Amino acid sequence: MLGERDDLESRFANSSLAGSSTEVSEISVEGVIEKIGGAEVEGDMFRNIWHEYLFIFVVTSAQLITQANLGNTIIPISHISKGLGVGADDTTNESWFIASYSCTVGAFVLITGRLGDIYGFKNMFTIGWIWLAIWSLAAGFAPNAICFDVFRALSGIGPSILMPNAAALLANGWKEQWKKNLAFAVFGAVAPGGYVIGAAVGAGIIEHGGSWEWIFWSMAIVGTLYALASWLVIPGDGGMNRSGPGGVDWVGSFFGVSGLILIFVSVNAGPKFGWANPFCGIMLTVGILSIAGFCYIETVVEDPILPMSIFKSAAFTAVSISLCLGWMSFGMFEFYAPHFLMEFRGLTELEATFQFLPCALVGILAACLSVFMLPRVPGYVIFGISMLCFFLGELLLALTPVEQSYWHMTFPIFLFICLGPDLSFACSSLIASDKLPKEQQGVAGSLINTIVNYSIALGLALAGNLEVAVNDHGNDRLKGFRAAWFLGAGFAGAGIVMTVIFHKGMGKRHK
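For the sequence shown, the residue numbers in the numbering used here are 458 to 968.
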């Protein structure tokens, strides 16, 4: 298994999101091995080459659909708002439609990854699709914005189940390393394309006269079909559905997930209720206390889901903080850039989607670039480049004139800002692999995926507070947008500073 671990390192470099993560594969190299339970892959589980292709398609679609559930809501969000009785261009309420989903995708990953270890990867993967289908269906029947937010949050648990178990299935699929490398390359590369596909579906339904509800009903149909395909296509042997020993730290899980959700809700509710309202302060306090309780519980339980000892590595802690800052920045790009194109440049939903097409191509390029750079370039250089891509993208967006042509600044911004997610995720995962002992690799990888998705939600919440504070009660929305982008640039800039300070702990070349 030591030799296999070295091969897995090169393969794992391709397994990123973004998607932010949003998006993203969830586990580090040793985490993948731990999920296999230390066993070798058992023989050839596939009937023929077409069975292999179908397996790769079904499993990597977890990444694609996770990101599609962002694009299909962000682009047609004004129509969804009107259908739910929310005022036009009310970003205070609209941000909930996106951030509630990303919040639960990130908050539940630590638990759902462990459930796959215990109950079988195929079982949990299939359950993830069913869960997504049920709550997507419910979202289409939501009578008001509050119900819709709740259903979107519940639907986000589906991808949180899918992502870690998809990574485990791919890791357990073949003996041949080149096949594993190819599968994980596809897993990372499809994320930006998923966002664009979701945006195209949402825009297409709206512009062809469909009601907004069909955006989510169609996702329910897709989830149902994928659940059926998963059960039929994924082999039931070879470790694909092996049940493992141990249990789940339910008490720690409750405090951890509750704390993350309460902190998000309190911050995101600030613009709506005002920070003078005791509601926000009380929820924020309870959320922080819950996280503190979670940290204590994880130091005393027998099987913690997040051992606090992983933060003894200064380099890993710095990478975690920088990753959070970078992905908070990227979440602001994902939300505000389409609205800028539609609201201030007058583009339709489909026209705005077409302008995001370069992001899908850049995702493929970034996956290939990660493979090339990681064995040749120190980790801090790659991670620093990713933070620089986030920083320059946000800064230039904040300075982009409304009347300017797409090709002058917007097109190049879209090209390099989308390099940041894949490069940062792959590099941070491998830095975690370098700095932490074997027994902590799996939880470190889960934490990285939690950071990526939760940061998108938290970044949007913080940006919403700043936007409302500076947009003159909604009379100068462009000023609010630019303020959000400057905030994103500041976050990414702080990530660059963290990388420079702790670069000595990130210098390994991953050959």
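By construction, the Cβ of each residue, glycine as well, lies at the ideal position given by its N, Cα and C atoms. Bear in mind that the values here come from a model prediction, so they are computed numbers and not experimental data.
Note down the Cα distance separating residue i from residue j, rounded to an integer number of angstroms.
| i | j | result |
| --- | --- | --- |
| L804 | F871 | 17 Å |
| G952 | I506 | 44 Å |
| H517 | N932 | A quick correction: the sequence has Thr, not His, at residue 517. The alpha-carbon atoms of T517 and N932 are separated by roughly 44 Å. |
| Y558 | G597 | 15 Å |
| I678 | L521 | 15 Å |
| T681 | E860 | 44 Å |
| L423 | M785 | Because the chain in this structure spans residues 458 to 968, residue 423 falls outside the shown range and cannot be described. |
| A855 | A623 | 37 Å |
| A824 | V647 | 9 Å |
| K411 | S903 | A question about residue 411 goes unanswered here, because the residues of the chain that appear run from 458 up to 968. |
| V489 | L852 | Below a pLDDT of 50, predicted positions are generally treated as unreliable, and V489, at 41, falls in that range; no measurement from the model is reported. |
| S538 | V957 | 43 Å |
| L915 | R504 | 45 Å |
| D760 | D706 | 6 Å |
| F641 | L627 | 7 Å |
| C884 | I839 | 7 Å |
| F736 | A686 | 45 Å |
| I591 | I584 | 11 Å |
| E633 | C816 | 31 Å |
| R609 | C560 | 10 Å |
| F873 | V708 | 42 Å |
| G877 | A794 | 16 Å |
| G661 | A519 | 22 Å |
| Q812 | W864 | 10 Å |
| H536 | G788 | 21 Å |
| A599 | L541 | 8 Å |
| A809 | A657 | 9 Å |
| T774 | I905 | 11 Å |
| I532 | G704 | 41 Å |
Pick out whichever of the options has its Cα sitting closest to the Cα of residue i.
| i | options | result |
| --- | --- | --- |
| C781 | V757, G597, M844 | M844 |
| V954 | V776, D879, C816 | V776 |
| G820 | M697, C604, P533, G650 | G650 |
| N601 | G544, I575, A628, L627 | G544 |
| L527 | A625, I654, S715 | I654 |
| W586 | A817, S617, R571 | S617 |
| G645 | M789, I513, S675, L741 | I513 |
| Y683 | I888, G947, L511, I913 | L511 |
| E509 | N734, N910, F801, V690 | V690 |
| T523 | A940, I754, E806, L619 | L619 |
| S675 | T742, L594, T774 | L594 |
| N910 | I842, P858, I534, I555 | I555 |
| P832 | G850, E800, I888, E791 | I888 |
| I778 | V743, F959, F712, G738 | F959 |
I'd like to know whether the C-beta of residue i is nearer than 8 Å to at least one C-beta of chain C.
| i | result |
| --- | --- |
| I691 | Of the chains in the structure shown, none is chain C; there is only one protein chain. |
Three CB pairs or more closer than 8 Å across the segment 558 to 573 and the segment 613 to 626: yes
Alpha helix (DSSP H) runs contained entirely in the segment 551 to 634, provided each spans 4 or more residues: Runs of alpha helix (DSSP H) with 4 or more residues, each lying fully within the segment 551 to 634, are found at 566 to 576, 578 to 597, 602 to 628, listed in chain order.
In chain order, each beta strand (DSSP E) run of at least 3 residues that lies wholly inside the segment 630 to 695: none
Three CB pairs or more closer than 8 Å across the segment 755 to 775 and the segment 825 to 835: As far as the Cβ criterion goes, the segment 755 to 775 does not touch the segment 825 to 835, which means the pair count is below three.
Cβ contact (3+ pairs, closer than 8 Å) linking the segment 738 to 754 and the segment 712 to 721: The segment 738 to 754, when compared against the segment 712 to 721, does touch it at the 8 Å Cβ threshold.
At least three beta-carbon pairs within less than 8 Å, the segment 569 to 588 to the segment 698 to 713: Judged by Cβ distances under 8 Å, the segment 569 to 588 makes contact with the segment 698 to 713, as three or more pairs qualify.
Inside the segment 745 to 801 only - alpha helix (DSSP H) runs reaching at least 4 residues: 771 to 796
Segments of 4+ residues assigned as alpha helix (DSSP H) that fall wholly inside the segment 698 to 743: Whole alpha helix (DSSP H) segments, 4+ residues: 707 to 730.
Cβ pair count under 8 Å reaching 3, the segment 725 to 733 against the segment 916 to 926: The segment 725 to 733, when compared against the segment 916 to 926, does touch it at the 8 Å Cβ threshold.
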